[in-house]
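Chains as they are written, first to last, in the numbering used here: chain A, 235 to 562; chain B, 235 to 562.
Take a look at the structure below.
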């Protein structure tokens with residue numbers, strides 16, 4: 235079998251997750267890891283996989299079918315996404331919701347110029363959650379959709395705490411409030427405030443001699459991040475943090491309730507994820523969309539796409555006949 | 235706005251559900267109901283919708299964009315599906331799993347001959363559940379998928395009971411066993427027998443003077459339908475049946491648990507439906523796939539398709555730009 239040749243761009247949690255996901259998909263092989271660091275300082279988990287400087291990427295134009303971009307959405311992807319899409323098929327997990335239309339347009343222009351396919355905003359949210367929002371809303375046209383996240387670590391909120399003076403280290407869990415989830419599941423279509431949907435649980439390591447009361451207040455009143463939520467701040471030691479909070483679990487729910495017919499019969503559609511490792515799951519989604527990008531490019535398609543544009547059959551290793559016989 | 239013109243073929247529970255679903259989708263209009271009965275004996279809920287005999291269907295070839303076939307899978311669809319696909323775009327809910335490949339091939343040939351699109355096996359299982367099986371399996375390549383149905387009425391099992399001598403009327407509920415669902419949700423990937431997954435709950439109205447003990451034994455030992463399950467038989471009066479069992483609720487779960495990475499981290503993906511009206515929900519799914527069929531046909535595509543072949547964006551009333559801005 236001819237394998238789909240994958241390149242990883244950026245070797246952090248997601249990059250390593252993609253490396254592991256390739257191992258679990260027999261129709262794929264990892265051809266190279268691209269980095270901005272000095273290549274000799276980067277040690278991959280797999281043996282024999284070359285680590286190449288990003289500046290030398292074009293030397294491998296004929297060796298890679300799909301590049302998985304594993305950089306951040308804030309500053310990295312907006313630059314490298316369109317740039318790499320000129321020369322390679324790409325997949326990324328761009329997740330700055332407000333900037334998706336603009337980013338889509340840029341990747342679209344670049345990918346079309348290069349005759350490549352770029353599938354953006356792949357993962358679980360955006361990604362699988364987006365799919366469940368569109369399917370549920372298309373079926374139940376009149377209704378309400380709710381998204382809950384957690385329990386899981388929010389990197390952005392953890393970073394925000396770490397910037398508070400006197401804080402040495404910190405981690406923040408987003409926790410869905412069970413009472414709200416139950417209300418939504420009942421199908422009554424409640425209006426819920428931000429505060430009613432999620433709780434923010436913080437574990438903070440303070441510098442020696444820091445004013446704990448002051449740190450707690452600063453966190454709780456931080457606009458955008460915490461002030462609209464009920465926030466719990468727990469002070470712990472660096473050892474406790476390392477021991478009890480070193481995992482990256484996550485998950486969440488997309489629930490739509492709506493009604494049909496003249497009598498307004500109620501229906502509830504729920505999709506939920508319970509993930510032991512957020513980066514490994516995200517990477518597994520990226521990898522199956524890489525398969526779709528590869529197939530679409532072989533059919534001559536080009537331009538930017540999102541999960542909304544990809545027929546589900548393109549994601550599977552199985553043939554169309556197998557899918558109809560086994561999964562339909 | 236130019237509306238998508240829908241025809242309903244067969245006016246039972248699903249046909250009426252489609253009629254109601256069209257009312258809730260502003261980009262659609264119901265043009266006609268087709269029936270094998272004498273048209274004057276069929277009364278639609280909507281005013282001014284012509285009821286036309288199936289033999290006269292071709293007279294409306296230019297007036298209908300998509301025909302929704304609302305017949306049964308056992309004897310009706312295998313005949314009318316390919317026949318109608320020669321002249322119209324069609325959607326159906328063909329659900330005889332074992333015969334899907336054969337039926338697909340027949341609709342495919344007919345639809346290609348006529349230059350039409352035929353999307354088969356649409357609904358929630360097959361349909362939404364199939365989609366969740368393919369997405370979950372494509373992401374978590376190593377794992378186990380479980381489907382649970384209910385609590386809900388199984389028409390086939392209810393009919394089987396009604397054929398037992400001494401039975402006047404009956405209804406059968408398929409009930410997922412909570413303990414099994416919880417075990418699956420835990421992510422441990424259990425092996426479950428048929429008996430461990432579902433319970434069968436029967437409400438039976440007996441003829442006067444019938445041997446109840448004998449009816450109960452006949453039901454419980456019926457091969458294929460009941461003998462592999464724990465079955466509960468309750469005898470009730472015709473009035474109780476009419477009063478307490480006149481709804482058509484249903485639902486179920488698709489759960490996949492699987493692992494990623496070298497350390498085998500666990501993940502659980504769950505999709506669930508709680509439906510007040512099985513036919514109205516099924517019809518709502520049919521209607522949004524009718525939108526996709528219409529769009530594909532306008533792009534010049536033809537042939538048979540399943541939910542696996544349809545990009546989710548085609549189902550929504552929203553434009554691609556709106557979808558990316560609002561739902562991604």
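Beta carbons: idealized from backbone N, C-alpha and C, even for Gly.
Nearest-angstrom Cβ-Cβ length linking residue 356(A) and residue 519(A), presumed shorter than 8 Å: 6 Å
Which residues does DSSP pair with residue 262(A) in a beta bridge? 238(A)
Assuming residue 545(A) contacts residue 353(A) (C-beta within less than 8 Å), just tell me the rounded distance between them. Wrong, their Cβ atoms sit about 12 Å apart, outside the cutoff.
Beta strand (DSSP E) segment containing residue 446(A), residue limits: No beta strand (DSSP E) holds residue 446(A); the alpha helix (DSSP H) holding it covers 446–454.
Out of 530(A), 424(A) and 515(A), which one is the CA nearest neighbour of residue 362(A)? 515(A)
So residue 522(B) contacts chain A; which residues on that side make the cut at Cβ distance below 8 Å? 372 and 373
Tell me the residue span of the beta strand (DSSP E) that contains residue 363(A). Counting along the chain, residue 363(A) falls outside any beta strand (DSSP E), though it belongs to the alpha helix (DSSP H) covering 362–373.
Express the C-alpha separation of residue 530(B) and residue 537(A) in angstroms, rounding to a whole number. 19 Å
Taking residue 369(B) as the query, report the chain A residues whose CB atoms sit under 8 Å from its CB, ordered along the chain. 362, 365, 546 and 549
May I ask which residues mark the beginning and end of the beta strand (DSSP E) holding residue 499(B)? 499–509
Answer yes or no: the CB of residue 308(B) versus the heavy atoms of the ligand COA, is any distance below 6 Å? Absent from the structure shown: the ligand COA. Ligands present: none.
List the residues that DSSP assigns as beta-bridge partners of residue 419(A). Residue 419(A) is not bridged to any residue.
Thinking residue 300(A) and residue 238(A) are a contact (beta carbons under 8 Å), I'd like their distance in whole angstroms, please. 7 Å
Closest by C-alpha distance to residue 510(A), when choosing among 316(A), 287(A) and 384(A): 384(A)
With a threshold of 7 Å between beta-carbons, can residue 559(B) be considered close to chain A, or not? yes
Contained alpha helix (DSSP H) runs [length at least 4] in the region 312–357 of chain B, N- to C-terminal order: 334–348
If you draw a straight line from the C-alpha of residue 458(B) to the C-alpha of residue 428(B), how long is it? 11 Å
In the DSSP assignment, the alpha helix (DSSP H) including residue 280(A) goes from what residue to what residue? From DSSP, residue 280(A) is part of no alpha helix (DSSP H); its letter is neither H nor E.
I need the straight-line Cα distance from residue 337(A) to residue 406(B), nearest angstrom please. 53 Å
Coarse secondary structure for residue 481(B), derived from DSSP in three states: coil
Which residues share a DSSP beta bridge with residue 467(B)? 436(B)
For the putative contact between residue 504(B) and residue 367(B), defined by C-beta atoms under 8 Å, what is the C-beta separation to the nearest angstrom? So it is not a contact: roughly 12 Å between Cβ atoms.
Please give the ranges of any alpha helix (DSSP H) in the region 514–561 of chain A, keeping only runs that are unbroken, at least 4 residues long and fully inside the region. 554–560
Helix, strand or coil, according to DSSP, for residue 410(B) in the structure here? strand
So that I know if they touch, is there some Cβ in chain B lying closer than 7 Å to that of residue 261(A)? no
Specify whether the region 474–484 of chain A and the region 468–483 of chain B touch according to this definition: at least 3 beta carbon pairs, one from each stretch, less than 8 Å apart. no
Which value, in whole angstroms, describes the spacing of the CA atoms of residue 525(A) and residue 550(A)? 8 Å
Length of the line joining the Cα atoms of residue 562(B) and residue 552(B): 12 Å
Could you check which residue in 249(B), 415(B), 468(B) and 329(B) has the C-alpha nearest to that of residue 390(B)? 329(B)
Distance between residue 522(B) and residue 332(B) (C-alpha atoms, nearest Å): 25 Å
Report yes or no: do the region 482–495 of chain B and the region 261–273 of chain B share at least 3 C-beta pairs separated by less than 8 Å? no
Just to confirm before moving on: does the CB-CB distance between residue 564(A) and residue 270(A) stay below 7 Å? There is simply no residue 564(A) to check, as chain A begins at 235 and stops at 562 in what is shown.
I'd like the list of long-range same chain contacts for residue 286(B), defined as Cβ closer than 8 Å, with 5 residues on each side in sequence excluded. 266, 267, 268, 269, 273, 293 and 294
Give the C-beta separation of residue 446(B) and residue 469(B) to the nearest angstrom, bearing in mind that I take them to be a contact with Cβ-Cβ under 8 Å. 6 Å
Expected contact under 8 Å - CB spacing of residue 376(A) and residue 258(B) to nearest Å: 6 Å
List, in order along the chain, the chain B residues whose C-beta lies closer than 8 Å to that of residue 407(A)? Under the 8 Å cutoff, chain B gives no residues; its nearest Cβ is about 18 Å from residue 407(A).
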